[in-house]
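Numbering (this note's numbering), first residue to last: 67 to 141.
The C-beta atom is built at its ideal place from N, Cα and C for all residues, glycine as well.
Small disclaimer: the values here were computed from a predicted structure and weren't measured.
Remarks on the structure that follows.
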Amino acid sequence: MGLKTLGPVSANFILTLYEKNKIIFTPKDVIEITGLRDKYLYRFIQQLIERELILRLKPGKYFVISQEIGKQSNL
């Protein structure tokens, strides 16, 4: 897998979660950090899933994938 780059909103979101030591989050957290709403909120989450930056644990709960773990699992 190649190098993953993030846009400013995604980068700020992931960085804020790491700073808060929060690896499990909800759509409410996304709204609080990014200000995104409605269809933009869920499209943002879907893009993070597609880029393998987060996992959906169950409806409304998501997990931030550690990029160090992701690199090692491909060895």
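Distance CB(residue i)-CB(residue j) smaller than 9 Å
i	j	result
residue 164	residue 128	Residue 164 falls outside the range modelled here, since the chain spans only 67 to 141, and no answer is possible.
residue 102	residue 75	yes
Span separating the alpha-carbon of residue i from that of residue j
i	j	result
residue 89	residue 124	14 Å
residue 137	residue 131	Per-residue confidence for residue 137 stands at a pLDDT of 47, beneath the threshold of 50, marking its modelled position as unreliable; the derived number appears in the next sentence. Between residue 137 and residue 131, the C-alpha separation is close to 11 Å.
residue 77	residue 83	10 Å
residue 146	residue 104	This structure cannot settle anything about residue 146, because the visible part of the chain is limited to 67 through 141.
residue 113	residue 71	13 Å
residue 98	residue 79	10 Å
residue 115	residue 109	10 Å
Contact belief for residue i with residue j at Cβ below 8 Å, rounded distance in angstroms
i	j	result
residue 81	residue 96	Actually they are not in contact, since the Cβ atoms of residue 81 and residue 96 sit about 14 Å apart, beyond 8 Å.
Inset, instruction - Taking only runs that begin and end inside the segment 104 to 135, name each unbroken alpha helix (DSSP H) of 4 or more residues, in chain order. - result: 104 to 116
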